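In my numbering, the protein residues as written are 285 to 576. The C-beta atom is built at its ideal place from N, Cα and C for all residues, glycine as well. Every value quoted in this text rests on a predicted model; they were computed, and no experiment measured them.
Have a look at this one:
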């Protein structure tokens with residue numbers, strides 16, 4: 285059998301990744317007609333269908349699935365290596381808004397200073413990313429996710445939660461009046477809650493359980509409320525690390541913590557060995573492992 289052209293295989297790979305000829309055309313910078321023409325020609329050359337065409341979507345046939353399992357890793361790795369050989373040292377990662385704002389972004393200059401020539405671009409989202417489909421993304425840092433769709437994982441870092449408050453509020457905790465308790469209710473309902481109910485169940489009523497509880501959907505908001513002296517925040521030790529170091533927040537009952545899930549770093553298998561990814565993952569491990 286004559287080996288298909290690289291253009292035809294690349295067009296097929298884009299269509300398989302994107303799930304539509306229109307999206308593949310946008311990815312490749314060509315017209316949908318050109319994509320359809322390449323796919324028809326490839327199917328004619330191979331002698332079997334690669335897609336089942338529907339009214340609004342396309343699905344891979346069994347043969348298409350097998351071919352996509354080969355072209356995806358192959359083109360992904362070729363693209364990643366060519367970018368590295370060309371000196372393209374932009375590293376694009378995606379993570380949650382809270383982790384990016386409260387922990388990662390304040391430290392990025394340290395990484396870029398230590399590794400000159402590598403510039404990190406951060407995108408934030410609460411939704412998982414398909415690393416096989418979106419090849420712009422080099423790394424994905426997610427909370428509470430223990431596996432990637434492609435099975436590739438760079439590392440996992442554990443998390444604990446404690447009580448933090450503004451210094452003035454913490455100094456007055458012995459007064460008899462109740463103080464508002466602040467907690468986060470995850471938007472992702474599959475995540476196990478970290479709540480004051482968990483706290484009282486684990487550690488008892490060291491803080492009066494009759495105090496009112498105020499719920500936020502974002503950890504950035506709960507920390508802002510705590511900084512304003514509005515209550516006691518049950519929040520990630522990692523995310524308040526800088527605020528505690530500057531004296532803006534202080535731990536209350538510092539010896540008592542609740543276990544969380546942790547942050548997991550994902551990368552597609554075709555990008556695992558890229559120098560920029562290895563350097564960033566090594567730096568991230570060092571930073572997250574440092575004593576606080």
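In its chain, beyond the 5 residues on either side, 333, 334, 335 and 336 have a beta carbon closer than 7 Å to the beta carbon of residue 345. If the five residues before and after residue 531 are omitted, its C-beta is found closer than 8 Å to the C-beta atoms of 451, all from its own chain and listed in chain order.
Scanning the region 348 to 388 for uninterrupted beta strand (DSSP E) segments of 3 residues or longer gives 374 to 379, listed from N- to C-terminal end. In this structure, the beta-carbon distance from residue 326 to residue 296 falls below 7 Å. The beta carbon of residue 475 sits closer than 8 Å to those of 427, 428 and 545, all from its chain and outside the five residues before and after it, given in chain order. For residue 446, the enclosing beta strand (DSSP E) starts and ends at 444 to 449.
Judged by DSSP secondary structure, residue 319 falls within the alpha helix (DSSP H) whose first and last residues are 316 to 330. Of 292, 393, 377 and 315, the smallest CA-CA separation from residue 355 is found for 292. Residues of the same chain with a CB within less than 7 Å of the CB of residue 348, apart from the 5 flanking positions on each side, are 300, 334 and 335 in chain order. Annotation for residue 506: the continuous alpha helix (DSSP H) segment containing it runs 503 to 511. Counting along the chain, the unbroken alpha helix (DSSP H) around residue 298 starts and ends at 290 to 302. Of the other Cβ atoms in all chains shown, 16 or more fall within 10 Å of the Cβ of residue 503; this residue is therefore buried.
Of 477, 402, 412 and 465, the smallest CA-CA separation from residue 562 is found for 402.
Assigned with DSSP and collapsed to three states, residue 533 falls in coil, not helix or strand. For residue 565, the closest alpha carbon among the candidates 550, 574 and 554 is that of 550.
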